[in-house]
Structures are given as structure tokens and as C-alpha cells.
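Notes for the one structure printed next.
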Amino acid sequence: MSSIDSNFLTNKISSSSLDLSNAQKTLESAKDGLFDLSSITSGGDSFVSTTQGVSSTSSTSDTSTTSTVTQNSNMTPEQVEAAIEEYETQIAKLEQEIKEYETQIENLNTQLEAEKANLEAINQNLTTSQAELEELQAQYSAKEAEYAQINAAIEQATNEAEAEAAQKQQTAIFEAMANYNEEEDGDYNTYMQEALKGVMSDNS
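With our numbering applied, the sequence shown corresponds to residues 4 to 207, in that order.
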């Protein structure tokens with residue numbers, strides 16, 4: 004995966020974390036509402052004692068509770084219990100959502116760690132390939148220098164050979180001209196061709 008995937012996972016984690024935070028705040032709000040409602044039915048007792056009071060009170064307690072509810076909230080015991088059950092259902096739902104968000108964040112973190120490891124491996128391979136490329140470029144440069152040196156040596160040898168051949172040809176011409184005898188050698192052009200045949204053959 005690419006760095007774009009890493010950014011996507013990071014943004015997804017941030018979004019899920021925000022959702023988790025919002026769900027936690029909603030859960031706290033629901034718990035506060037449940038506590039307040041329970042306090043009404045129990046005159047300020049804890050949530051646990053309130054729940055027990057609602058579910059297992061005697062007829063005398065019910066009369067007292069009804070009186071308290073009437074004075075503080077104008078709600079019947081049945082309405083209070085229904086509201087408490089609704090809060091408890093909401094809390095259970097929110098707690099389940101929080102677990103799901105936590106699982107989602109954990110999975111996304113796992114994916115992100117895998118992406119980071121994969122990216123590190125890619126970077127390592129890239130570094131290795133870059134080093135290999137630099138080594139090949141150095142070898143290529145060395146071969147280019149060697150090739151240029153060989154070409155220069157060949158060119159120098161060729162120039163020297165051509166200069167030597169031209170010098171030999173010139174010397175042979177001068178010698179042939181100096182040794183020409185019309186009576187013995189006959190036609191000058193024919194003589195020169197014969198005299199320089201070996202030299203011209205060597206230069207061809």
C-alpha cells in the first residue's frame with residue numbers, strides 16, 4: 004500500500020476515535036440522566052439502591068415512592084420504571100457501540116502498523132535499488148572512460164601508421180626519381196609504377 008493508504012487509515016482512525024469520544028459522552032449523559040431519575044425515586048440514594056427499591060419494594064414502600072414521585076416529578080412509579088428501563092437500554096446500546104468503535108480502532112491500528120511495516124520494506128528495497136543503480140552507473144562511467152582511452156590509442160596508432168606510410172611512400176618516390184635512367188628504365192611513368200608498386204601495395 005502507498006502513503007495515500009496510510010493517510011486514509013490515519014484519517015479513519017481519527018474519525019472512529021471522534022465517534023468513540025462522542026459515544027462515550029452520550030453514555031455519560033445517559034448515565035447522568037439515569038442517576039438523576041433514580042435519585043428522584045429514592046430521595047437521593049445511589050443507582051443500585053434505587054433499582055432495588057423500584058423492583059422489590061413492599062406496598063408500604065410503593066406508597067412512599069408514589070408520594071415522592073408525585074412531589075418531585077409528577078411521574079407514576081410505572082412511568083419512572085419505564086424511563087429507567089429506557090435509559091438502561093440506551094446505555095447498553097451505547098456501551099455496545101463503544102465496544103464496536105474500540106474494535107474498529109484496534110483493527111485500523113493493526114492495518115496502519117502493517118502499512119507502516121510494508122512502507123518501510125518498500126523504502127528499504129528502494130534504498131538498495133538506488134545503491135545498485137549508483138554502482139552500475141559508476142561501472143558504466145568506468146567502461147566509458149576505458150572505451151575512450153582505447154579509441155584514443157587506436158586513433159593515435161592509426162595516425163602514426165598513416166604518417167609512417169606517407170613518409171615511406173615519399174622516400175620511395177624520391178629514391179625512384181633519383182635512380183631513374185631513361186636508357187635503362189625506359190618510359191618514366193611505367194618505371195615509376197613498377198618502382199612504387201610495393202610501397203603503394205603496403206599503403207592500400
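Built from N, CA and C at the ideal position, the CB exists for glycine as well. These figures come from a predicted structure and were not determined experimentally.
Sort the options by Cα distance to residue i and report the nearest one.
i: A95; options: L115, E149 and T29; result: T29
i: Q173; options: Q142, M195, Q159 and E100; result: M195
i: S18; options: I125, Q82, Q107 and E178; result: Q107
i: E31; options: Y183, E81 and E91; result: E91
Please say whether residue j and residue i have beta carbons closer to each other than 8 Å?
i: A175; j: L136; result: no
i: E109; j: L23; result: no
Report the CB separation of residue i from residue j in whole angstroms; it is logged as a contact under 8 Å.
i: T88; j: A26; result: Reading the sequence as shown, one finds Glu at residue 88 and not Thr. Not really, about 20 Å apart at Cβ, beyond 8 Å.
Going by other Cβ atoms of all chains shown within 10 Å of its Cβ, with 16 needed for buried, is residue i buried or exposed?
i: Y143; result: exposed
i: E118; result: buried
i: L129; result: exposed
i: L111; result: buried
i: L97; result: buried
i: Y150; result: exposed
i: V51; result: Residue placement at V51 cannot be trusted, given a pLDDT of 37 that sits under 50; the coordinates are not used to answer.
Are the C-beta of residue i and some C-beta of chain B separated by less than 8 Å?
i: A181; result: The structure shown has no chain B; it contains just one protein chain.
Three or more beta-carbon pairs under 8 Å between the stretch 186–194 and the stretch 160–174, yes or no? no
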